Amino acid sequence: MRMLTEGAAVPAPRPPGDDRRPRAGAPVRDHRDANERRMARVGWIYTMPSLVVIAAVTIFPILFSVVLSFARVRITYEGFSVEALTLRNYLALLNSGDWYYAIAFTVGYTVVTVAVELVLGTLAALILERLAGARGWLMALLLIPWSMITVVSAQLWSYMYNSSYGVITWVLEAVLGLESAPLILGRPLPAITAMMVADIWKTTPFVAIIVLAGLVMLPRDVYEAAEVDGASSWTMFWRVTLPQLRATIAVALLFRVLQAFGVFDLPFVLTGGGPGVATQSLAVMGYKVLFQDLNIGPGAAIATSTGLLVGGACLLCLKAFRSQIGREELS
Amino acid sequence: MRLSRRTLLRAAAAMAATSLAGCATGGGDPLAGRSTAVPEEPVSIGWMAQRLADNEGRDLRRTLAEAFQRRYPTITVHLTEVPPTTDVRRTTLTTQIASGSPQPDVYLGDCVWPAQFAHNSLAAPLGAVAEHRRFWDGFPEPVAEAVRYGRQAWAYPLYVDYAFLYYRADLLDKHGLAVPRTWEELVRTALRLKEAGDVRYGFVWQAASSEALTCNVNELLADAGGALMDAEARRVLVRSDAARHTLEFMAGLVADGVSPAAVGTFAEEQAMTAFSSGQAAFLRNWSYAWGAANAERSAVRGKVGATLRPAFDGVGRRGLATMGGWHNFVNPHTEQLGAALAFARWMAEEEAQTLMATTSPYTPALSSVLSAPAVVGQDNPTFRLASEAELVLRPTRSPYYPQISKAVYTNVNPIVVAGGGDVGGAVDAMADEMTQARDGAAL
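As they're listed, the protein sequences go chains D and H. The first sequence: position 102 = 101 (numbering that gives the first Met the number 0), numbered continuously. The second sequence: position 377 = 376 (numbering that gives the first Met the number 0), numbered continuously.
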């Protein structure tokens, strides 16, 4: 959007030394502006069909959902019926312990998983970069978890965590010598941990691949200079590699934060949001309120509030991302 | 650019407002002025139902549809694909029907859905129950009650699920033990079999934080002489000694080692697996468990008995069972109302019910069919047991039943998992949250 604006609105640069133009060339510029306007009109006409489609499938539903979040809604035989406009849906959210918990859970889950994934992913990328022949094979292997559909991998994890026949349960019980089979998905803290493990297993490769792409692009000469200066490999990592990787890591961070904030499929399949509401993310809560309880207004309010939170997180990340890029350009 | 964006947003807002105004009329009887007669010219209808296997492993849905088509040659029934779980099925039906889709014309729905679906205009009313007394008197009272919301009926029953107690007959014989008739007896017997090393678990049931736990609480509470709510689902009755006793009993099962703490993660499937792999002496489950326990791949095939659920010593009768089962609902937007009504109703009548009861493991809803000698006398004992059991309804008369149920299972589950805790506090919290849910104020 921004690029388009800049491209369309900024006038073409004048040829250097052509300072007579403003006086003598005024009619020419008018003609040019008219031409540009005409082109813009044609552009609008050509893009109109796709803009209408975009409006119909994205902007309209989003606005409709925002309107529903401020409404007392019922499903009638004629469709959704708005009985009154109200703030009660949001008041219900503010009075709901589950909502606060879902926010806390979603934020906590995002912070922990993304942090661990960034560290592990960067480590994996550093190792991969040093490998010569085996890199291709290892990358292919690493990508298997990432390429697996979450619904499938979540189901597999749920078998492994199962409290009567799960292999992880068995390992914990037999190898570690626990007295009775641990209830991994039956208690809040172990269930949250188990879910984070499943997420980290799946998405660390994604971070690793992005960071690796950044690593191989780093200029060699900086390292050579550092070596000449007598820097240890530890110093080189902190002072040379990491600062140059900032922009790359920021991209990985942005993607992961957005994905983690909207997490739905993993808790939906692995725990159903339980036990109780222990692993109920905002998205799962929104789904349950909307589609199981058929509580349209509050469900829309959860969706809208989630959208705002994700939007806020996204803006924060973008801001961090921009300043990183700025620093890159300066250095 | 900025101006254009604003214009676009304005246009979208106007579209949203217009569509809201358009759908703000609402209400009314969807069947008013529409013909409910069976059409004379050929028509076809869609039926959304999960696969129902008969005794030979064939698809009962097809058997029923074919028998119906022989009776009503002008109507063709097509089976519609169905999502795998009950909740996803509800989501699909909700989005499809609320948006006005005429398909599926008839759908098989959970017996806890009528109030919620009626309240949200997702089912067609099938006439006042009182005006069709003769038809509804043919069903056990709880079955007929469960499909009513307001004065109207909203679904035709297909099959009813009963909860029973399944046990390892071979192990009881080996130790010369009797089939338990009370919960106290069950605890003693289960511990004895466990201590003898014959099984890993004494008694498995369902306490996962889900609807399955509400079913267990509902019937155990009835065993103890209590109830979650009154018959109309208006008054919350759970704040009682009976409820505290029930929760203490459930927690005690885990604390005393009769049941593993893992029951806190068990829904029907996990409990069934534990039993049919030979790990458990007793199992609480629905009628289908007889077939599953005696299936070819079951480790306990031919070693299993089924009986009525026990009672608490000195309180009430044996054989109380939470009512489960599936009913046929009619889509209010169907374009083949006459045919859809005829099909849904035919499946609740004697011909279809007898066909189902004599060729498949599903317990018929119709009393006359359930008590017929040809049905009760089958190898499968669940038919005979069903005719002796007494159904206990969940408070499904409330359109907010999912939230009410959530208030039950989220408060009871931690008590079971921990094998104890603040039982009084849990009962109070459950009562408060149920009240909030009943008022439609819970999220």
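Glycine included, each C-beta is placed from N, C-alpha and C at the ideal position. Because the structure is a prediction, the values reported are computed rather than measured.
Backbone CA spacing between residue i and residue j [nearest angstrom]
i: C313(D); j: A207(D); result: 21 Å
i: P306(H); j: Y400(H); result: Note that residue 306(H) corresponds to Thr in the displayed sequence, not to Pro. If you take the alpha carbons of T306(H) and Y400(H), they lie about 29 Å apart.
i: I335(D); j: L50(D); result: Limits of chain D in this structure are 0 at one end and 330 at the other, which puts residue 335(D) out of reach.
i: V227(D); j: L122(D); result: 25 Å
i: A339(H); j: A417(H); result: 49 Å
i: A223(H); j: R243(H); result: 10 Å
i: G419(H); j: A261(H); result: 14 Å
i: G108(H); j: K173(H); result: 43 Å
i: S95(D); j: A101(D); result: 10 Å
i: H118(H); j: F69(D); result: 21 Å
i: L117(D); j: A55(D); result: 37 Å
i: M433(H); j: Y71(H); result: 46 Å
i: S231(D); j: L315(D); result: 35 Å
i: V489(H); j: F260(D); result: With chain H represented from 0 up to 442, any question about residue 489(H) goes unanswered, as that position is not in the structure.
i: S152(D); j: P144(D); result: 8 Å
i: V314(H); j: F248(H); result: 14 Å
i: P141(H); j: R147(H); result: 10 Å
i: Y158(D); j: L184(D); result: 11 Å
i: N379(H); j: N161(D); result: 31 Å
i: L141(D); j: A212(D); result: 14 Å
i: Y99(D); j: W46(H); result: 41 Å
i: A122(H); j: T90(H); result: 14 Å
i: Q435(H); j: A441(H); result: 6 Å
i: V422(H); j: I414(H); result: 7 Å
Start-to-end residues for the alpha helix (DSSP H) that takes in residue i
i: G290(H); result: A288 to A292
i: L121(H); result: Where L121(H) is concerned, there is no enclosing alpha helix (DSSP H), given that its DSSP letter is neither H nor E.
i: Y100(D); result: G96 to R129
i: A90(H); result: The question names Ala, yet the displayed sequence has Thr at residue 90(H). Residues T85 to A97.
i: A52(H); result: Per DSSP, A52(H) belongs to no alpha helix (DSSP H) and is neither H nor E.
i: D220(D); result: R219 to V227
i: S64(D); result: F59 to S68
i: H131(H); result: No alpha helix (DSSP H) contains H131(H), which DSSP labels as neither H nor E.
i: A259(D); result: L241 to F260
i: Y89(D); result: R87 to L93
i: F263(D); result: First-last for F263(D): undefined, no H or E at that position.
i: D431(H); result: V422 to R437
N-terminal and C-terminal residue of the beta strand (DSSP E) that residue i is part of
i: A280(H); result: A279 to W285
i: A305(H); result: V303 to T306
i: L340(H); result: Here L340(H) belongs to no beta strand (DSSP E); instead the alpha helix (DSSP H) covers L336 to W345.
i: S43(H); result: V42 to M47
i: E74(H); result: It should be noted that the sequence gives Ile, not Glu, for residue 74(H). Element bounds for I74(H): I74 to T79.
i: N327(H); result: G323 to V329
Short CB-CB distance (under 8 Å) between residue i and chain A
i: Q335(H); result: The question asks about chain A, but that chain is absent: this structure's protein chains are D and H.
Count the C-beta pairs between the region 200-212 of chain H and the region 228-235 of chain H that are closer than 8 Å, then say yes if the count reaches three, no if not.
no
Counting Cβ pairs closer than 8 Å, one from the region 303-312 of chain D and one from the region 132-141 of chain D, do we hit at least three?
no
To be precise: take each residue of the region 27-54 of chain D, compare its Cβ to all Cβ atoms of chain H, and keep it if any distance is under 8 Å. Which residues remain?
W43, L50 and A54
Which runs of the alpha helix (DSSP H) spanning at least 4 residues fall entirely within the region 270-307 of chain D, listed in chain order?
281-286, all fully within the region 270-307 of chain D.
Members of the region 259-274 of chain D near chain H, C-beta cut-off 8 Å
The residues in question are G271, G273 and P274.
Along the chain, which unbroken stretches of the beta strand (DSSP E) at least 3 residues long are found entirely within the region 153-209 of chain H?
Here the runs fully enclosed are 155-160, 162-167 and 200-203.
Using Cβ-Cβ distances below 8 Å, what residues of the region 77-103 of chain H are close to chain D?
D86, R89, T90, T93, T94, A97, S98 and G99
The region 153-169 of chain H touching the region 316-336 of chain H, judged by at least three CB pairs closer than 8 Å:
yes
Determine contact between the region 295-302 of chain H and the region 236-251 of chain H, defined as no fewer than three beta-carbon pairs at a distance below 8 Å.
The region 295-302 of chain H, when compared against the region 236-251 of chain H, does not touch it at the 8 Å Cβ threshold.
Identify each residue in the region 170-203 of chain D for which the Cβ-Cβ distance to at least one residue of chain H is less than 8 Å, and report them in chain order.
Those would be S179, A180, L182, L184, G185 and R186, in chain order.
At least 3 beta-carbon pairs within less than 8 Å: the region 61-76 of chain H vs the region 342-357 of chain H:
yes
Residues in the region 402-420 of chain H with C-beta within 7 Å of chain D's C-beta atoms, listed in sequence order?
Q402, T409, N412, P413 and V416
Any chance you could list the beta strand (DSSP E) runs of at least 3 consecutive residues sitting entirely within the region 360-414 of chain H, in chain order?
389-391
The region 104-114 of chain D touching the region 188-201 of chain D, judged by at least three CB pairs closer than 8 Å
A contact between stretches requires three or more CB pairs, one per stretch, nearer than 8 Å, and the region 104-114 of chain D meets this requirement with the region 188-201 of chain D.
Could you pull out every unbroken alpha helix (DSSP H) segment of at least 4 residues lying fully inside the region 203-283 of chain H, listed in chain order?
210-222, 240-254 and 267-275
Any contact between the region 254-268 of chain D and the region 280-289 of chain D? By contact I mean 3 or more CB pairs, one from each, below 8 Å.
yes
Decide yes or no for the touch test of the region 376-394 of chain H against the region 207-222 of chain H: beta carbon pairs closer than 8 Å, at least 3 of them.
Because the criterion of three Cβ pairs below 8 Å is met, the region 376-394 of chain H and the region 207-222 of chain H touch.
Return the chain-ordered ranges of every alpha helix (DSSP H) run that is complete within the region 127-159 of chain D and spans a minimum of 4 residues.
134-146
Sufficient close CB pairs (3 or more, under 8 Å) joining the region 175-185 of chain H to the region 363-378 of chain H:
Short answer: they don't touch.
Please determine if the region 169-188 of chain D and the region 244-258 of chain D are in contact, where contact requires at least 3 C-beta pairs separated by less than 8 Å.
no
Can you confirm whether the region 78-92 of chain D touches the region 57-69 of chain D when touching is taken to mean that 3 or more C-beta pairs between the two stretches lie within less than 8 Å?
yes
Give the residues from the region 84-117 of chain D that approach chain H closer than 8 Å (Cβ to any Cβ), ordered along the chain.
A91, L92, S95, D97 and W98
Closer than 8 Å between beta carbons: that is the criterion. Which residues of the region 148-171 of chain D meet it against chain H?
Flagged, chain order: N161, S162, S163 and Y164.
Quick one: which residues of the region 234-264 of chain H get their C-beta closer than 8 Å to a C-beta of chain D? List them in chain order.
P259, A260, A261, G263 and T264
According to a CB-to-CB cut-off of less than 9 Å, which residues of the region 268-283 of chain H neighbour chain D?
Q269, T272, A273, S276 and Q278
Taking Cβ-Cβ distances below 8 Å as the criterion, which residues of the region 119-130 of chain H are in contact with chain D?
N119, S120 and L121
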